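Taking full-length UniProt numbering as reference, the numbering of the sequence shown is continuous, increasing by one, and the terminal residue is 159. Ideal placement from N, C-alpha and C gives every residue a C-beta, glycine not left out. Fair warning: this is a prediction, and the values are worked out from it, not measured in the lab.
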Amino acid sequence: MNYQERKSYTVDEAMQKLMHFCAYRDRSQKEVEDKLDKMHMIPQAKEKIIIRLMQEGFLNEERFARSFVRGKFRIKKWGKIKITQELKFREISTPVIKLGLSEISEKDYRKTLYELAEKKLEKIQEPNSFKKKKKLSDHLLRKGYENSLVFDCVNSLID
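If you want it as structure tokens, here you go:
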């Protein structure tokens, strides 16, 4: 696309577009900045829009982190390590990540880990118990669960 074909937005038009973007689901500040970059907004306009979105409650990093954690844990069954990595990728600060992770109760976390392990174990067609443990461990680690929890879980399920 050449320069003449590129749509330009006024601050008000961009603001309206971003309000809809943020109202659809919680967004991180990085997602909003990326959207503004695609709209070719100048830095001063981007800053003005982000501040206004925060003031009006459309953009809230803590709310984003909390809903992101809830969604990835409940729907995708991700562990805390994978969730933390994804939030860091979205440039969420460590204190806000900790607040987000507080959405997961320890009881639910362990219960989900064991349910995930039992479900995967049914699908592993491996007679060798060492290979079976390895496959199960690898699966749970890829899901983002901590080494010590995975070790305890796998050892309690496979003798």
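Is it buried or exposed, His139, if we count other Cβ atoms within 10 angstroms and call 16 or more buried? Only buried fits His139, as 16 or more other CB atoms lie within 10 angstroms of its CB.
Taking the C-alpha atoms as reference points, what is the distance between Tyr109 and Gly79? Roughly 8 Å between the two C-alpha positions.
Contact between the segment 88-102 and the segment 55-69: three or more CB pairs below 8 Å? As far as the Cβ criterion goes, the segment 88-102 touches the segment 55-69, which means the pair count is three or higher.
Need the endpoints of the alpha helix (DSSP H) that Gln85 sits in, please. First-last of the alpha helix (DSSP H) with Gln85: Lys80 to Phe89.
Helix, strand or coil for Ile124? Go by DSSP, reduced to three states. Reduced to three states, the DSSP call for Ile124 is coil.
Between the CA atoms of Asp34 and Leu87 - distance to the nearest angstrom: Their Cα atoms are separated by approximately 16 Å.
Could you say which of Gln125, Asn128, Tyr24 and Glu106 lies nearest to Tyr145 if we only look at CA atoms? Comparing Cα-Cα distances from Tyr145 to each of Gln125, Asn128, Tyr24 and Glu106, the minimum goes to Glu106.
With a cut-off of 8 Å on the beta carbons, I'd call Tyr9 and Met54 a contact; round off their distance for me. That belief does not hold up - the Cβ atoms of Tyr9 and Met54 are roughly 19 Å apart, past 8 Å.
Quick one, are the C-beta atoms of Lys30 and Glu118 less than 7 Å apart? Cβ distance not < 7 Å, so Lys30 and Glu118 don't count as in contact.
Where the alpha helix (DSSP H) through Tyr24 begins and ends: Element bounds for Tyr24: Val11 to Tyr24.
For Arg142, the first and last residue of its enclosing alpha helix (DSSP H): First-last of the alpha helix (DSSP H) with Arg142: Ser129 to Arg142.
When DSSP labels each residue in this structure, what does Phe151 get in the three-state scheme? For Phe151, the secondary structure class from DSSP, reduced to helix, strand or coil, is helix.
Residue nearest to Phe89 in terms of C-alpha spacing, selected from Gly71, Lys143 and Ser28: Nearest C-alpha to Phe89 among Gly71, Lys143 and Ser28: Ser28.
Helix or strand or just coil, what does DSSP make of Asp34? Residue state, collapsed to three classes: helix.
Taking all protein chains shown into account, decide if Ser137 is buried (16 or more other Cβ within 10 angstroms of its Cβ) or exposed. In summary, Ser137 is buried, with 16 or more beta-carbon neighbours lying within 10 Å of its beta-carbon over all protein chains present.
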